[in-house]
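First comes the structure, then the notes that go with it.
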Amino acid sequence: MTNIRYPKEMDGKKWMARARRCGALATWIGMAMSVSLLVAQTAWADGSTDSTLAESGAVVTNPTPQTAASPYVSSWFHQSLGVIGSKDIRFGPYKTNDVYLEYEYFGRKGPFDLYGYVDAPKVFGVGSTHDSGVWDRGSPVFSEQEPRVSIDDLVGKHLGFGPFKEWYLAFDWIYDQGYNIGGRQNTLYSGIGTDIDTHTPLILSANLYVKRQWENYGAANENSWDGYRAQMKYIYPLGTFHGGNLTYVGFFNYDFGSRLREKTGDDTRTDTAFVATNVLIYSFTHWRFWTAARYFHNGGQWAGGDLNFGDGPFANRSTGWGYYASVGYQF
15 MTNIRYPKEM
25 DGKKWMARAR
35 RCGALATWIG
45 MAMSVSLLVA
55 QTAWADGSTD
65 STLAESGAVV
75 TNPTPQTAAS
85 PYVSSWFHQS
95 LGVIGSKDIR
105 FGPYKTNDVY
115 LEYEYFGRKG
125 PFDLYGYVDA
135 PKVFGVGSTH
145 DSGVWDRGSP
155 VFSEQEPRVS
165 IDDLVGKHLG
175 FGPFKEWYLA
185 FDWIYDQGYN
195 IGGRQNTLYS
205 GIGTDIDTHT
215 PLILSANLYV
225 KRQWENYGAA
235 NENSWDGYRA
245 QMKYIYPLGT
255 FHGGNLTYVG
265 FFNYDFGSRL
275 REKTGDDTRT
285 DTAFVATNVL
295 IYSFTHWRFW
305 TAARYFHNGG
315 QWAGGDLNFG
325 DGPFANRSTG
335 WGYYASVGYQ
345 F
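Printed below as a string of structure tokens:
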């Protein structure tokens, strides 16, 4: 989801200026993170008035159209704007910190289950050494779009069976504009998804994708079909506290079947990567607050003990924990 430019094709200083862009993706990994789809699918499909939860922490009450007006611009298309602070993000061999702005949306309309976000990396000029954004020759825009289309609705027939409630054509498009084409990522995951009935308050959703890789910061797997992704999302409402909704959200992405290591020809890259995210959300009708802890294993498919991009050896930091905190406004 967030690979970084192959270091042999750029010098170390240029690489460091671009490495942070991968951290923006992690946020909504995606939260970044993807989870808004889960609840949006459930709530809007059955027309309930329960709360809908976005991956980023947006909790909104779905109004009953006949009895109440929506407190938002749209009764089904939910939007938010938030400021996010991140620390020790590991979508590359360096740890990065950043403070950035994010616009997010989600909603269900007919067969279309929509979720996406657009980030402005380092827009406030605050970040770590290996962080960059629009003001310092980094990426001006990082985005992720995760639409799903209900197969049940398309064929006009309920296809669920056992615990599998509904089936979807699932997509995940990741795009990092970069400062130039060498600092760009353009990745499309496509496959099949489902919602899983647990007969408890726990909400589960799963997607299985195949990956088409175009630009990838100059990595050796550009312009190829390169591997797969298994994704699981889970939400559990913890209750209300002083008028706000307290909710746990978790999800993981497991990338496998890539041939990046073989194509690279050394042990600096891997064919697998794993990222697991745990989010605690406190949300009101308009305001929302959340914090997250994310575990990376070979983030961005980086590996190896010590790496050297031309400025001397350094320890690879693509495995470990990263953290986020955010405040946002839903409209």
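Residue numbers (the working numbering): 15 to 345. Even glycine gets a Cβ: it sits at the ideal position worked out from N, Cα and C. Keep in mind it's a predicted model, so treat the numbers as computed, not measured.
From the options, residue whose alpha carbon lies closest to that of residue i
| i | options | result |
| --- | --- | --- |
| L202 | R243, Y114 and A306 | R243 |
| Y296 | F255, L95 and D102 | F255 |
| S124 | V341, S272 and L168 | One point to set straight first is that residue 124 is Gly, not Ser, in the sequence displayed. Checking every option, the nearest Cα to that of G124 belongs to L168. |
| S164 | R122, A234 and L222 | R122 |
| F298 | A306, N322, V341 and V263 | V341 |
| Y117 | G96, F126 and V137 | G96 |
| T291 | E158, Y338, L115 and Y343 | Y338 |
| D320 | G313, P215 and R331 | R331 |
| D209 | R162, G318 and F120 | R162 |
| L183 | D127, D112 and W149 | D127 |
Residue environment, residue i, which counts as buried when at least 16 other CB atoms sit within 10 Å
| i | result |
| --- | --- |
| I106 | The residue you asked about is not Ile; residue 106 is Gly in the sequence shown. Buried, because 16 or more other Cβ atoms sit within 10 Å of the Cβ of G106. |
| K247 | buried |
| N237 | exposed |
| V293 | buried |
| D156 | Reading off the sequence, residue 156 comes out as Phe, not Asp. Burial call: buried. |
| P327 | exposed |
| S219 | buried |
| E276 | exposed |
| W316 | buried |
| S88 | exposed |
| Y343 | exposed |
| Y250 | exposed |
| T261 | buried |
| F345 | exposed |
Distance, residue j Cα to residue i Cα
| i | j | result |
| --- | --- | --- |
| G152 | N259 | 37 Å |
| Y268 | D133 | 23 Å |
| H92 | L173 | 28 Å |
| Q199 | T110 | 18 Å |
| I195 | F175 | 46 Å |
| T333 | D281 | 15 Å |
| I103 | G170 | 43 Å |
| W301 | Y86 | 12 Å |
| L252 | F266 | 20 Å |
| K101 | A307 | 10 Å |
| F310 | A83 | 42 Å |
| F288 | P135 | 23 Å |
| Y114 | G99 | 7 Å |
| A233 | R283 | 10 Å |
| D325 | T278 | 20 Å |
| W304 | V263 | 10 Å |
| S272 | D285 | 5 Å |
Neighbour flag for residue i against chain B, beta carbons, 7 Å
| i | result |
| --- | --- |
| R162 | This model lacks chain B altogether, as it is built from one protein chain only. |
Local conformation of residue i per DSSP, three classes
| i | result |
| --- | --- |
| G207 | strand |
| L168 | helix |
| G139 | coil |
| S191 | The sequence given here places Gln at residue 191; Ser does not occur at that position. Note: Q191 maps to coil in three-state DSSP. |
| E158 | strand |
| G324 | coil |
| E118 | strand |
| G196 | helix |
| R243 | strand |
| L216 | coil |
| T299 | coil |
Heavy atom of the ligand NAP within 6 Å of residue i beta-carbon
| i | result |
| --- | --- |
| G139 | As presented, the structure is devoid of all ligands, the ligand NAP included, so that no description of it is given. |
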